[in-house]
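Just below is one structure, and these are the notes that go with it.
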Amino acid sequence: MNLNSRIFDRIRVKPEQKQAPRPDQARCEHPGCSEPGEFRAPMGRLREGQYFCFCLDHVREYNASYNYFNGMSADDVALYQRDAVVGHRPTWSMGVKRGGKNFREEGDDPSHPGDTLGMVHAKTRRYSCVEPTKPRYGLAALKALDQLGLDDTADAVAIKARYKNLVKRLHPDANSGDRSNEDRLREIIRAYNYLKSVKPA
């Protein structure tokens, strides 16, 4: 785009004119100002929903010095900020029942079987003797186990023992230099190396 074009010389822009305030429009509330009060500014704490009307210059000046917490102590400010987390709505402790005992009250002994928490712990103790689950393998690991002739119940010791047994049987040195089982041996070595790098889930 050529900014020195003659087309740009023909564009006319109206000079900015100050608009006269309408009769129904509020005047700026700053002392000594006769500009229209087009911009609202909050009056402050305890006067929510009420606003001053200022011109642009005076609303900027007012906003630069505005402090909602002006006149509040540090403790009051901290309390206000804490209540602001929940939108200044009332909250209750978790687990409280109407007419029931809150298990977080002082004097509750979680280890006592009669208490709420004690019952939870007793249930946990009752079912904690569950047998450990068998290791689970992914599809590639199951395929590698199949190469070694094992199933998904095999652990690391069984895998290593099976690998050693197969290598001894299929290695050319153990078969008078016969290399007919070399491809099978490579598959077994590859499967074992993969299983060494994979841990059961």
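Numbering (full-length UniProt numbering), first residue to last: 1 to 201. Idealized CB from N, CA, C, for every residue including glycine. These numbers were taken from a predicted model, which means no experiment stands behind them.
Handout entry: 7 angstroms Cβ shell around lysine 168 - same chain, five flanking residues per side excluded
Key = The residue you call residue 168 lines up with position 168 of the sequence shown. Hits under 7 angstroms: Ala174.
Handout entry: Simplified DSSP assignment, three categories, for proline 90
Key = Position 90 of the sequence shown holds residue 90. Here proline 90 sits in coil by DSSP.
Practice task
Sort Asp155, Ala26, Asn67 by Cα distance to arginine 45 and report the nearest one.
Solution key: Position 45 of the sequence shown, counting from 1, holds the residue named residue 45. The shortest CA-to-CA distance from arginine 45 to any of Asp155, Ala26, Asn67 is the one to Asn67.
Exercise for the section: Tell me, please, whether the region 53-66 touches the region 82-90 by the rule of three or more beta-carbon pairs shorter than 8 angstroms. Expected result: No: fewer than three Cβ pairs fall under 8 angstroms.
Exercise for the section: State the Cα-Cα distance for the pair arginine 12 and proline 31, rounded to the nearest angstrom. Expected result: Here residue 12 is taken as the residue at index 12 of the sequence shown, counted from 1. Here residue 31 is taken as the residue at index 31 of the sequence shown, counted from 1. Counting only the Cα atoms, proline 31 lies some 38 angstroms from arginine 12.
Exercise for the section: State the DSSP-derived secondary structure class of proline 36, mapped to helix, strand or coil. Expected result: Here residue 36 refers to the residue found at position 36 when the sequence shown is read from its first residue. In the structure shown, the three-state DSSP call for proline 36 is strand.
Practice task
Work out the CA separation of glycine 87 and leucine 191 for me, nearest whole Å.
Solution key: The sequence position of residue 191 within the sequence shown is 191, counting from 1. The sequence position of residue 87 within the sequence shown is 87, counting from 1. With the sequence shown as reference, residue 191 is identified as alanine, and leucine is not the correct amino acid for it. Distance from the CA atom of alanine 191 to the CA atom of glycine 87, rounded to whole angstroms, is 60 angstroms.
Practice task
With a cut-off of 8 angstroms on the beta carbons, I'd call leucine 185 and leucine 170 a contact; round off their distance for me.
Solution key: Position 185 of the sequence shown, counted from the first residue, corresponds to residue 185. Position 170 of the sequence shown, counted from the first residue, corresponds to residue 170. Under the criterion of beta carbons closer than 8 angstroms, leucine 185 and leucine 170 qualify as touching, at roughly 5 angstroms.
Exercise for the section: Using DSSP bridges, identify the partner residues of tyrosine 51. Expected result: Indexing the sequence shown from 1 puts residue 51 at position 51. When beta bridges are read from the DSSP output, tyrosine 51 appears opposite Pro42.
Problem - Whole-angstrom distance between glycine 49 and proline 42, CA atom to CA atom - result: As a first step, residue 42 must be located in the sequence shown, where it is residue number 42. As a first step, residue 49 must be located in the sequence shown, where it is residue number 49. Distance from the CA atom of proline 42 to the CA atom of glycine 49, rounded to whole angstroms, is 7 angstroms.
Handout entry: Nearest-angstrom Cα separation, counted from arginine 6 out to asparagine 63
Key = By 1-based counting over the sequence shown, the position of residue 63 is 63. By 1-based counting over the sequence shown, the position of residue 6 is 6. Rounded to the nearest whole angstrom, the C-alpha separation of asparagine 63 and arginine 6 is 45 angstroms.
Handout entry: Chain-order list of residues whose beta-carbon lies under 7 angstroms from that of glutamine 147 (same chain, five-residue window excluded)
Key = One-based indexing of the sequence shown puts residue 147 at position 147. If you ignore the 5 residues before and after glutamine 147, its C-beta comes within less than 7 angstroms of the C-beta of Glu187, Ile188, Ala191, all in its own chain and listed in chain order.
Exercise for the section: Report buried or exposed for tyrosine 163, applying the criterion of at least 16 other Cβ atoms within 10 angstroms of its Cβ. Expected result: As a working note, residue 163 is residue 163 in the sequence shown. Here tyrosine 163 is buried, its C-beta having at least 16 other C-beta atoms within 10 Å.
Practice task
Answer with buried or exposed for alanine 161, where buried requires no fewer than 16 other C-beta atoms within 10 angstroms of its C-beta.
Solution key: Reading the sequence shown from its first residue, position 161 is the one you call residue 161. Exposed.
Practice task
Taking only the alpha-carbon atoms, compute the straight-line gap between lysine 14 and phenylalanine 52 and give it to the nearest angstrom.
Solution key: As a working mapping, residue 14 is identified with position 14 in the sequence shown. As a working mapping, residue 52 is identified with position 52 in the sequence shown. For lysine 14 and phenylalanine 52, the distance between alpha carbons rounds to 32 angstroms.
Exercise for the section: State the start and end residues of the unbroken alpha helix (DSSP H) segment that holds histidine 171. Expected result: Within the sequence shown, the letter at position 171 stands for residue 171. For histidine 171, no alpha helix (DSSP H) encloses it, and the DSSP letter there is neither H nor E.
Exercise for the section: Have a look at the DSSP bridge pairing and note the partners of arginine 27. Expected result: The residue you call residue 27 lines up with position 27 of the sequence shown. Answer by DSSP bridge pairing, in chain order: Pro36.
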